[in-house]
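Please read the structure below before turning to the comments.
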Ligand code: HEM
Ligand SMILES: *[C@@H]1O[C@H](CO)[C@@H](O)[C@H](O)[C@H]1NC(C)=O
Ligand SMILES: *[C@@H]1O[C@H](CO)[C@@H](O)[C@H](O)[C@H]1NC(C)=O
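In mature numbering (1 follows the signal peptide of the UniProt record, and there is no 0), the protein residues as written are -19 to -1, 1 to 308.
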């Protein structure tokens, strides 16, 4: 063979090897269960819909579940793992317990999936599908969920305070945290629009009502008329059971109410109202408020991106048989 022929063969060999190695890195894929569990996404949707019809707030719970899964150890279902006698898991951190909800819906979906396709569909993917379905059911814009996530085996309570934002965080802290996850400030603002559905416990914002600073009991960035309403719903004393809607005018609709609230100084959490604290970010709040369709499209794209955070693929991790316990 001529030296030219050898060179060409060698180049082809390199191309093939590169292609193989790219493939073995295993990317998430839309329709991942198409041949292995054809009805996987439909089954998840049916269970989410059932839960939603029974309790509208479930949609918000499931959306938040995906966020809290992805930000802590990547989207690996670690948030679903129960604590044991020798490990306190993520779900028992103050950021998650008692506020996180929707675990029973994930369990229902998983049980049905195990009965039709044993050991095939990961808990992390179920959470990702359920979050999308929740957006759809509350009338956001649907999107295709790249799947093929595998489940992690580790869940540590100590991972949560460093990886999840606090309701008291300011713009700078939120921007930095999201940046550390590869998400831009704009994506942070876009995703915060999730707070257009669901509830918050009074404990997450009661300082704004009663204990803002030593000289000013009430947060001046909170509309006083709204503060008065909130004080009735959340009397002093930090009762851990009390909750309020985050966007009271339409708590179960994925509209831009969250952003119009902020423009009226009615962002519920410090982390919400802080989005209006610089000209640039306030302009985005305005755009999202007045162009809900554009915001919902950006939201869908940002969810797909968030859903890829530090995922386990290929042969990494496992397919849990029960979402609450590693195999
Ligand atoms: C930007 C920083 C964020 C902070 C500080 C934050 C904080 C919070 C807090 C304190 C609650 C109230 C939970 C309760 O007491 O019941 C909440 C609820 C919620 N969050 Fe966030 N969040 C943030 C971003 C996000 C993102 C990115 C998503 C989704 C992609 C999200 C989705 C939700 C949803 C849907 C609820 C309502 C939950 C329910 O009704 O059960 N949040 N958030
Ligand atoms: C305000 O905060 C201080 C210090 O954290 C605490 O001692 C006090 O009980 C709080 N007051 C209210 C009304 O929550
Ligand atoms: C939001 O920010 C803009 C621009 O800085 C400002 O003009 C407006 O008054 C702010 N609105 C609220 C409710 O803080």
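Cβ atoms here follow ideal geometry from the backbone N, Cα and C, with glycine treated the same way. Here the structure is a predicted model, which means the values were calculated and not measured.
When you compare only the Cα positions, how much space is there between residue i and residue j?
i	j	result
residue 358	residue 93	Nothing can be reported for residue 358, as the shown portion of the chain is limited to -19 through 308.
residue 217	residue 191	7 Å
residue 106	residue 126	9 Å
residue 278	residue 164	16 Å
residue 79	residue 61	14 Å
residue 291	residue 214	39 Å
residue 289	residue 13	14 Å
residue 5	residue 103	With a pLDDT of 46 at residue 5, under the threshold of 50, the modelled position of that residue is not reliable, and the figure given next carries that caveat. Rounded to the nearest angstrom, the two C-alpha atoms are 19 Å apart.
residue 162	residue 111	22 Å
residue 257	residue 209	21 Å
residue 82	residue 27	18 Å
residue 44	residue 211	24 Å
Are there 16 or more other CB atoms within 10 angstroms of the CB of residue i, so buried, or fewer, so exposed?
i	result
residue 8	exposed
residue 166	buried
residue 356	Residue 356 is absent from the structure shown; the chain starts at -19 and stops at 308.
residue 36	exposed
residue 48	buried
Nearest by alpha-carbon distance to residue i: which of the options is it?
i	options	result
residue 236	171, 55, 161, 218	171
residue 184	148, 177, 199	148
residue 253	161, 155, 222	155
residue 24	114, 283, 122	114
residue 175	162, 238, 200, 212	238
residue 59	40, 269, 87	87
residue 141	264, 76, 27	76
residue 152	275, 36, 250, 271	250
residue 282	169, 119, 57, 89	169
residue 223	182, 204, 229	182
residue 207	122, 275, 118, 246	246
Secondary structure at residue i, three-state DSSP: helix, strand or coil?
i	result
residue 144	helix
residue 223	coil
residue 203	coil
residue 306	strand
residue 79	coil
residue 65	strand
residue 128	strand
Would you please verify whether the beta carbon of residue i is less than 8 Å from any beta carbon of chain D?
i	result
residue 305	Given the protein chain composition of this structure (a single chain), no chain D is represented.
**Message:** Count Cβ pairs between the segment 295 to 303 and the segment 99 to 113 that sit closer than 8 Å; are there 3 or more?
**Reply:** yes
**the segment 8 to 28 contacting the segment 111 to 131, beta-carbon criterion three pairs below 8 Å** = yes
**Asked** Counting pairs of beta carbons, one from the segment 53 to 71 and one from the segment 130 to 144, are three or more of them closer than 8 Å?
**Response** yes
**Asked** Okay, do the segment 25 to 32 and the segment 53 to 65 touch, 3+ Cβ pairs below 8 Å being the bar?
**Response** no
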